[in-house]
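A quick write-up on the structure given underneath.
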Ligand code: SF4
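Below, the structure is given as structure tokens:
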């Protein structure tokens with residue numbers, strides 16, 4: 010199956026006047042002090058109709074747009090909850106998957122103030138490729154990715170050192186886009202590359218032509234699905250112990266050192282809680298009822314194998330755009346994405362359901378909770394604070410930053426360290442781009 014990542018464009022979603030914006034309000038104490046006034050005003054609104062929410066946002070977004078003019082770029086990821094996707098598009102911003110988001114600063118050198126409503130690694134990926142005069146801001150620094158949280162540099166680097174000591178030049182690292190810049194730099198230092206869910210097979214194939222072994226971080230499932238898609242013997246795909254339970258020793262890999270020595274692909278054991286709920290039984294339920302099942306490859310291998318197709322968020326959205334009236338799609342990915350897909354499908358006569366929306370399963374429609382921490386008050390506050398020159402530094406995203414989402418502490422490299430990191434991380438991203446362009 011060919012998977013593609015398309016440049017950001019119109020999602021086709023419409024703000025329907027009488028349909029309330031789906032937004033779970035965050036508790037007031039979840040906002041940074043600077044953002045609280047915007048949150049208090051939002052929480053006091055009489056309703057969540059587009060007229061009301063846009064009336065609130067217009068007061069802050071429009072002056073910022075006038076102030077920054079063409080230099081301002083608003084971005085959001087497809088998984089954003091609260092219909093931020095529609096709001097960002099309404100104000101002329103772009104919605105994309107993580108690969109296309111990462112390219113936005115480079116693709117638009119005239120954009121100097123880039124405001125992202127998504128998770129931190131996505132903002133940092135934009136910053137990695139940004140020019141010196143382009144500043145990247147995240148509307149809520151507490152928006153981390155749980156998969157990335159289980160692959161912090163302090164967890165992965167000691168294990169990578171053990172593997173490099175054992176296998177030396179035989180090993181390179183592939184860092185999925187859902188990693189910090191520090192891990193992308195690790196990939197770069199080993200001659201490896203970054204990858205996304207759409208280009209992971211091409212990048213892994215490229216890597217295994219160069220080195221005998223790959224350490225794939227952080228998503229065990231995407232790594233396993235990719236190895237499977239390339240026909241790699243499952244015996245030669247070995248997962249490291251689940252992270253987050255203390256220091257990892259490589260001898261604790263499944264099958265021990267013997268299995269590790271035979272492995273072509275070594276998998277870091279992180280995962281996405283949103284995508285690992287899908288089972289082959291869910292897939293069979295929909296197929297048996299005449300639905301076509303499409304699934305994201307961060308899901309478990311058994312579910313991916315049972316589905317009719319698999320691919321990135323762009324692939325899934327494009328499948329919907331290409332569906333014909335009367336088609337029925339069960340989609341296995343993040344819940345807000347599927348809710349938006351369902352709304353667009355309804356406009357086009359295509360039925361869409363969430364793959365986990367099956368009898369007896371309580372978690373149907375699970376969304377990415379951390380992405381949803383970027384809501385209208387965060388967007389309004391970020392833009393207003395930027396216009397007034399009062400934006401908190403914690404919201405500024407520089408390459409190499411590590412944010413503790415609980416304490417809101419940002420660990421920032423000094424200029425020399427950052428420059429070195431950018432060199433290595435960019436090399437890993439450039440290799441991905443070269444692989445994509447040559448395939
Ligand atoms: S859906 Fe999963 S992998 Fe994607 S950002 Fe959210 S937690 Fe991370």
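In our numbering, the protein residues as written are 10 to 448.
All C-beta atoms in this analysis are idealised placements derived from N, C-alpha and C, irrespective of residue type, glycine included.
**Request:** Could you give the DSSP three-state label for residue 333: helix, strand or coil?
**Result:** Coil.
**Asked** Quick one: does the C-beta of residue 450 sit closer than 6 Å to a heavy atom of the ligand SF4?
**Response** For the chain, the structure presents residues 10 to 448; residue 450 sits outside this window and is missing.
**Message:** So that I know if they touch, is there some Cβ in chain C lying closer than 7 Å to that of residue 67?
**Reply:** Note that chain C does not occur in the displayed structure, where there is just one protein chain.
**Length of the line joining the Cα atoms of residue 121 and residue 177** = Rounded to the nearest angstrom, the two C-alpha atoms are 41 Å apart.
**Prompt:** Which of helix, strand or coil does DSSP assign to residue 152?
**Reply:** Residue state, collapsed to three classes: coil.
**Request:** Could you spell out the range, first to last residue, of the beta strand (DSSP E) harbouring residue 77?
**Result:** Per DSSP, residue 77 is not a residue of any beta strand (DSSP E); the alpha helix (DSSP H) it occupies stretches across 59 to 77.
**Prompt:** Do residue 204 and the ligand SF4 come close, with the Cβ less than 6 Å from some heavy atom?
**Reply:** Checking every heavy atom of the ligand SF4 against the Cβ of residue 204, none is found closer than 6 Å.
**Message:** Just verifying my parser: in three-state terms, what is the DSSP assignment at residue 17?
**Reply:** In this prediction, residue 17 has a pLDDT of 48, which is less than 50 and means its spatial position is unreliable; what the coordinates show is noted afterwards. Here residue 17 sits in coil by DSSP.
**Item:** Short Cβ contact (7 Å threshold) for residue 278 with residue 244
**Value:** No, Cβ-Cβ distance for residue 278 and residue 244 is not below 7 Å.
**Item:** Residues that residue 225 bridges to, as DSSP identifies them
**Value:** Residue 225 has 183 and 276 as its beta-bridge partners, per DSSP.
**Item:** Residues near residue 132 in its chain [Cβ-Cβ closer than 7 Å; skip 5 each side]
**Value:** So the qualifying residues of the chain are 125, 145, 147 and 406.
**Message:** Quick check on residue 416: buried or exposed, where buried means 16 or more other Cβ atoms within 10 Å of its Cβ?
**Reply:** Around the beta carbon of residue 416, fewer than 16 other beta carbons lie within 10 angstroms, which makes this residue exposed.
**Request:** Would you check if the distance between the CB atom of residue 437 and the CB atom of residue 197 is smaller than 7 Å?
**Result:** In this structure, residue 197 lies closer than 7 Å to residue 437 by Cβ.
**Request:** State the Cα-Cα distance for the pair residue 246 and residue 240, rounded to the nearest angstrom.
**Result:** Distance between the alpha carbons of residue 246 and residue 240 is about 11 Å.
**Request:** Report buried or exposed for residue 12, applying the criterion of at least 16 other Cβ atoms within 10 angstroms of its Cβ.
**Result:** The pLDDT assigned to residue 12 is 32, lower than 50, so where the model puts this residue is not dependable, and the model offers no usable value.
**Prompt:** Can at least three beta-carbon pairs, one atom from the segment 337 to 346 and one from the segment 267 to 284, be found at a separation below 8 Å?
**Reply:** These segments touch.
**N-terminal and C-terminal residue of the alpha helix (DSSP H) that residue 448 is part of** = Where residue 448 is concerned, there is no enclosing alpha helix (DSSP H), given that its DSSP letter is neither H nor E.
**Bridge partner(s) assigned by DSSP for residue 147** = DSSP lists 125 as partners of residue 147.
**Message:** Let me make sure I understand the geometry here. Which of 97, 57, 61 and 93 has the alpha-carbon closest to that of residue 74?
**Reply:** Nearest option by C-alpha distance: 97.
**Asked** For residue 433, which residues of its own chain have a beta-carbon under 7 Å away from its beta-carbon, when the five flanking residues on both sides are left out?
**Response** Cβ-Cβ distances below 7 Å link residue 433 to 194, 197 and 198 in the same chain, with the five nearest sequence neighbours on each side left out; the list follows chain order.
**Item:** Ranges of the beta strand (DSSP E) found wholly within the segment 260 to 332, counting only runs of at least 3
**Value:** Every beta strand (DSSP E) of 3 residues or more that sits fully in the segment 260 to 332 is shown, in chain order, as 274 to 276 and 301 to 304.
**Asked** Just to confirm, does residue 412 get its C-beta within under 6 Å of one of the non-hydrogen atoms of the ligand SF4?
**Response** No; taking the cut-off as 6 Å, the Cβ of residue 412 has no heavy atom of the ligand SF4 nearer than that.
**Request:** Quick one: using the 10 Å Cβ neighbour count with 16 as the cut-off for buried, is residue 170 buried or exposed?
**Result:** Exposed: under 16 other Cβ atoms inside 10 Å.
**Message:** Please classify residue 410 as buried or exposed, where buried requires at least 16 other C-beta atoms within 10 Å of its C-beta.
**Reply:** Buried, because 16 or more other Cβ atoms sit within 10 Å of the Cβ of residue 410.
**Request:** Please go through the same chain and pick out, in chain order, the residues whose beta-carbon is closer than 6 Å to the beta-carbon of residue 351, but skip the five residues on each side of it.
**Result:** Answer for residue 351: 361, listed in chain order.
**Message:** My output table needs one value for residue 341: the three-state DSSP class, helix, strand or coil.
**Reply:** In this structure, residue 341 counts as strand in the three-state DSSP scheme.
**Request:** Determine the closest residue to residue 187 out of 215, 210 and 225, with distance taken between C-alpha atoms.
**Result:** For residue 187, the closest C-alpha among the options 215, 210 and 225 is that of 225.
**Message:** If distances are taken between C-alpha atoms only, which option among 271, 301, 311 and 280 comes closest to residue 290?
**Reply:** Checking every option, the nearest Cα to that of residue 290 belongs to 311.
**Asked** Candidates 130, 71 and 129: which alpha carbon is nearest residue 102's?
**Response** Checking every option, the nearest Cα to that of residue 102 belongs to 71.
**Asked** Is residue 283 near the ligand SF4, with its Cβ less than 6 Å from a heavy atom?
**Response** Between the ligand SF4 and residue 283, a heavy atom-to-CB distance of less than 6 Å is present.
**Message:** Residues in the same chain with beta-carbon distance under 6 Å from residue 40, minus the five sequence neighbours each way, listed in chain order, please.
**Reply:** Same-chain partners within the cutoff: 48.
**Message:** Please tell me whether, using a cut-off of 6 Å, the distance from the CB of residue 128 to the nearest non-hydrogen atom of the ligand SF4 is below it.
**Reply:** Under cutoff, so the answer is yes.
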